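Undergrad: Residue numbers are given in the UniProt record's numbering: position 262 of the sequence shown equals residue 262, and the series is strictly consecutive. Think of the CB as a built atom: it goes at the ideal place given N, C-alpha and C, for glycine as much as any other residue. Please read all numbers here as calculations on a predicted model, not as lab measurements.
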Amino acid sequence: MRNLLITGGAGFIGSNFVHYMLERYSDYRIVVFDKLTYAGRRENLLRWEGEPRFAFVQGDICDLAAVRSVVQTHEIDTIVNFAAETHVDRSILAPDAVVTTNVNGTWALLEVARELQLERFHQISTDEVYGAIPPPQRSREGDPLEPRSPYSASKAGAEHLVYAYYITYGLPVTTTRGSNNIGPYHYPEKAVPLFTTNALDDLPLPIYGDGLQMRDYQYVLDHCEGIDLVLHKGQLGEFYNVGTEVETTNIVMARKILDILGKPHSLITHVTDRAGHDRRYALDCSKLRALGWQSRHSFDEALERTVRWFVANEAWWRPLKSGEYLEYYRKQYGER
Ligand code: NAD
Ligand code: TYD
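(1) Mapping the DSSP letters down to three states, classify LEU171 as helix, strand or coil.
(2) Do ALA199 and the ligand TYD come close, with the Cβ less than 7 Å from some heavy atom?
(3) Given ALA39, which residues of its chain have a CB within under 6 Å of its CB, disregarding the five upstream and five downstream residues?
(4) State the Cα-Cα distance for the pair GLU128 and VAL103, rounded to the nearest angstrom.
(5) Is SER298 near the ligand NAD, in the sense that its beta carbon is under 7 Å from a heavy atom of that ligand?
(6) Helix, strand or coil for ILE251? Go by DSSP, reduced to three states.
(7) Once the 5 residues before and after GLY243 are set aside, which same chain residues still bring their CB inside 6 Å of it?
(8) Okay, do the stretch 288-299 and the stretch 150-163 touch, 3+ Cβ pairs below 8 Å being the bar?
(9) Can you find a heavy atom of the ligand NAD that lies under 7 Å from the Cβ of GLY131?
(10) Pull the bridge partners of LEU4 from the DSSP assignment, please.
(11) Cα separation between THR248 and ALA65?
(12) For THR272, count the other beta carbons within 10 Å of its own beta carbon; 16 or more makes it buried, fewer makes it exposed. Which is it?
(13) Which residue from ARG296, LEU212, HIS122 and LYS263 puts its Cα closest to that of ARG280?
(14) Short of 8 Å in beta carbon distance, which residues of its chain neighbour ASP300, apart from the five on each side in sequence? Order them along the chain.
(15) What residues in its chain sit with their C-beta under 6 Å from that of residue 418, if we drop five residues either side in the sequence?
(16) Determine the closest residue to ASN181 out of VAL311, ILE61 and LEU303, with distance taken between C-alpha atoms.
(17) Output the boundary residues of the beta strand (DSSP E) element that contains VAL242.
(18) How far does the alpha helix (DSSP H) with ILE227 in it extend, from its first residue to its last?
(19) Just to check, is the beta-carbon of ASN241 closer than 7 Å to a non-hydrogen atom of the ligand NAD?
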C-alpha cells in the first residue's frame, strides 16, 4: 500500500483523513478524487498543494472512465471511498442523489478496482445501516442491516455491493461503520456545526421533535485512526464498527454547545421531527478494539475541541452559510 486514492477527500472526514495519513506515513502518496459538490472544499487540503506526495483530481465517482484514468495515471493500489451524499435531511428532500452517488458510484469504483486488480478497496460506511437500536441493545458487525432512511439504505446498498465483489470476484475489501463524527471542516448542515454556528450568531438551534434521540458523537481523528488500523490490520471481507460506545441525546448535546459558548439555553427551539427519525444508534466496537484501537476522545472533549475550532475558524464556515445553503435552510426549516 503506497498510492492511495481518497475519494471524497475534500469533504469533512475525507480531508481529516488525508491530513492524518500524509502526516503519519511519509512514504505514502495520496490522490484525492472529488466532485466538489456543495460539501467538498478544496481549501480543506490547501496545506498539501504543491507537495509531490499529494495530488487533487476533480471528478465524479459515477464516471467509470474518469475513475479508471485517475487510477492508471497515478498507479493507485488502494481506494478508500469516502465520496457520498451524506446528509439524511437532504436524502429525504431529494433521494435521487444518494442512490446515484452512494450506490452507482460505489459500483463504478468497485468495477475499476476489479479490472485493475487493486490491492485493497476500503468502504467508509455508517452505524445508520443497522437502523434504530432500542436500549440497551448494541449493534455488532454480524447483525442484520435494517436501514430506514434513503441515505442509510443507499449506504447499506453500497456495502452489499462491496461484499458481493469480495465473494464473487475475490476483490480484497474491508468496510468500517462509523458513528457520527465531529471536528474541523464539518459542513454546517449537520447538527453539531449547525447548532454551533447558529449559536455564535444568536440564532435558534432547531431540535427535531423531543430531542431525546441518541447519537454516538466521536472525534473525527479517532475515526481516522480506526480506518487506518483496518487498512493495515483488518481481515479481508470483514466489517468493523468505529465509535465511542457512549450515546448522548440531542438536547444534551445542544445544551453543552450553548454552555461552551456562554449562550442561553433559550436559543433551543423544538421543530417538527424528521420523517422516520431513528431514535438511537449504538455500536459495540469490541472487534476493532481487539485489533488494538481505542477511542481517545470522550464526547465532552470532542465537542469542546470542535466548538473551539468553529470559534477560531469563522473565515472557513461563514462563507458557506450563503447562497445554496440559505435556499436549503429555508426549504428544510422555513415551515417547521
Ligand atoms: P461530506 O458530505 O462532508 O463529504 C463528502 C465528499 O464527497 C465531498 O467532498 C463531496 O464533494 C464528495 N462527493 C460527493 N459526491 C461525489 C461524487 N459523485 N464523486 C466524487 N466525490 C463526491 O461527508 P463526510 O461527513 O465527510 O462523510 C464521508 C463518508 O463517511 C461518507 O461516505 C459518509 O457516508 C461516511 N460517514 C459519515 C459520518 C459522519 O458523521 N459524517 C459517519 C459515518 C460514516
Ligand atoms: P445529523 O448531524 O444530521 O446526523 P445523523 O442524522 O446522520 O445522525 O443529526 C444528528 C442528530 O441531530 C439527529 O438525531 C438529527 C438531529 N438534528 C436536529 O435535531 N436538528 C437539526 O437541525 C439537525 C440537522 C439534526
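TA: Let's see:
(1) Locating residue 171 in the sequence shown gives position 171, where the first residue counts as 1. Note: LEU171 maps to coil in three-state DSSP.
(2) The residue given as residue 199 occupies position 199 in the sequence shown. No, the Cβ of ALA199 stays beyond 7 Å of every heavy atom of the ligand TYD.
(3) In the sequence shown, the residue the question calls residue 39 occupies position 39. Cβ neighbours of ALA39 beyond the five flanking positions: GLY11 and TYR187.
(4) Start at 1 with the first residue of the sequence shown, and residue 128 comes out as number 128. Start at 1 with the first residue of the sequence shown, and residue 103 comes out as number 103. For GLU128 and VAL103, the distance between alpha carbons rounds to 15 Å.
(5) Against the sequence shown, residue 298 aligns to sequence position 298. No, the ligand NAD has no heavy atom inside 7 Å of this Cβ.
(6) As a working note, residue 251 is residue 251 in the sequence shown. Here ILE251 carries a helix assignment [DSSP, helix/strand/coil].
(7) Sequence index remark: in the sequence shown, residue 243 carries index 243 (1-based). SER179, ASP216, GLN218, LEU283 and CYS285, listed in sequence order.
(8) Taking 8 Å as the limit for Cβ pairs, the verdict is that the stretch 150-163 does not touch the stretch 288-299.
(9) Indexing the sequence shown from 1 puts residue 131 at position 131. Checking the 7 Å criterion, the Cβ of GLY131 is out of range of every heavy atom belonging to the ligand NAD.
(10) Counted from its first residue, the sequence shown places residue 4 at position 4. The beta-bridge partner set that DSSP reports for LEU4 consists of ILE30 and THR78.
(11) Indexing the sequence shown from 1 puts residue 248 at position 248. Indexing the sequence shown from 1 puts residue 65 at position 65. Cα to Cα, THR248 sits roughly 43 Å from ALA65.
(12) As a working mapping, residue 272 is identified with position 272 in the sequence shown. By the C-beta density criterion, THR272 is exposed, having fewer than 16 other C-beta atoms within 10 angstroms.
(13) Position 280 of the sequence shown holds residue 280. Closest by alpha carbon: LEU212.
(14) Residue 300 sits at position 300 when you count from the first residue of the sequence shown. Taken in chain order, the residues that qualify are LYS256.
(15) This structure does not reach residue 418, given that the chain is present from 1 up to 336, and the question cannot be answered.
(16) If you number the sequence shown from 1, residue 181 lands on position 181. Distances from the CA of ASN181 to each of VAL311, ILE61 and LEU303 were compared; the closest alpha carbon is that of LEU303.
(17) As a position in the sequence shown, residue 242 is number 242, starting the count at 1. Where VAL242 is concerned, the enclosing beta strand (DSSP E) stretches over 239-242.
(18) Taking the sequence shown and counting its residues from 1, the one referred to as residue 227 is at position 227. Counting along the chain, the alpha helix (DSSP H) containing ILE227 begins and ends at 220-233.
(19) Counting from one through the sequence shown, the residue named residue 241 turns up at place 241. False, no ligand heavy atom lies under 7 Å from that Cβ.
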